[in-house]
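A.B. asks: Numbering (full-length UniProt numbering), first residue to last: 1 to 204. Sharing a structure, written as structure tokens. Questions coming.
Encoded structure:
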């Protein structure tokens, strides 16, 4: 009788089929962020990569904050669900997310923000490597595009409130890459940070 009770308890402790143990241990995100994380998973799968639970949680934290997040700020928030998380855990996740083009690093702020052009696409085939959309600007300028890059990043940074807005301007990309190509420089990425005052702060 005792043996049967122990078996029943073991069954209760085991996760059911389709259950992901990491989901219980992870942070809770809004429905919007969860949809963006699912888009990120598809983006990774389409490129032969995997968005692990830790990577997904770091990305979810970045998506949940309207302002860019620093590495140690992310670590502090990650430790709410993973007390043993160490700096290398966050740095490895950030390196992966940067490499896949899912986030950007804002150099001026030493912080990271999500690439919403990718995550709001909700389509893993969006601008895949070799696609016309992904290569249009770079081919005209005589450059090549990394497998994850379908656009260049431009940011408007408010020096008062710290708000960052990402832009996508094909014309600016074309001019910059043509200039670089004319100098014999093979551009692989381009990030422009424009500092000023946002409309909300300017109206105060």
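Yeah, the Cβ is synthetic: ideal placement off N, Cα and C, and Gly gets one too.
(1) I think residue 100 touches residue 49, with their Cβ atoms under 8 Å apart; what is that distance to the nearest whole Å?
(2) Among 193, 28, 27, which residue has its Cα nearest to the Cα of residue 111?
(3) Would you tell me roughly how many angstroms separate the C-alpha atoms of residue 44 and residue 52, rounded to the nearest one?
(4) Per DSSP, what are the beta-bridge partners of residue 104 in this structure?
(5) Looking only at its chain, what residues have a beta carbon closer than 6 Å to the beta carbon of residue 200, apart from the 5 residues adjacent to it on each side?
(6) Can you list, in chain order, the residues of its chain with a C-beta nearer than 6 Å to that of residue 82? Leave out the 5 residues immediately preceding and following it.
(7) Suppose the cutoff is 8 Å on Cβ atoms and the five residues either side in sequence are ignored; what does the same chain contact list for residue 115 look like?
(8) May I ask you to verify whether the stretch 24–38 touches the stretch 62–80, counting CB pairs closer than 8 Å and requiring at least 3?
(9) By DSSP, does residue 161 sit in helix, in strand, or in coil?
(10) Taking only the alpha-carbon atoms, compute the straight-line gap between residue 85 and residue 32 and give it to the nearest angstrom.
C.D. replies: Once the coordinates are examined:
(1) 6 Å
(2) Considering only 193, 28, 27, the residue with the shortest C-alpha distance to residue 111 is 193.
(3) 10 Å
(4) Note: residue 104 sits in a beta bridge opposite 113.
(5) none
(6) none
(7) The answer, listed in chain order, is 101, 102, 103, 104, 153, 166.
(8) yes
(9) coil
(10) When rounded, the distance between both Cα atoms is 26 Å.
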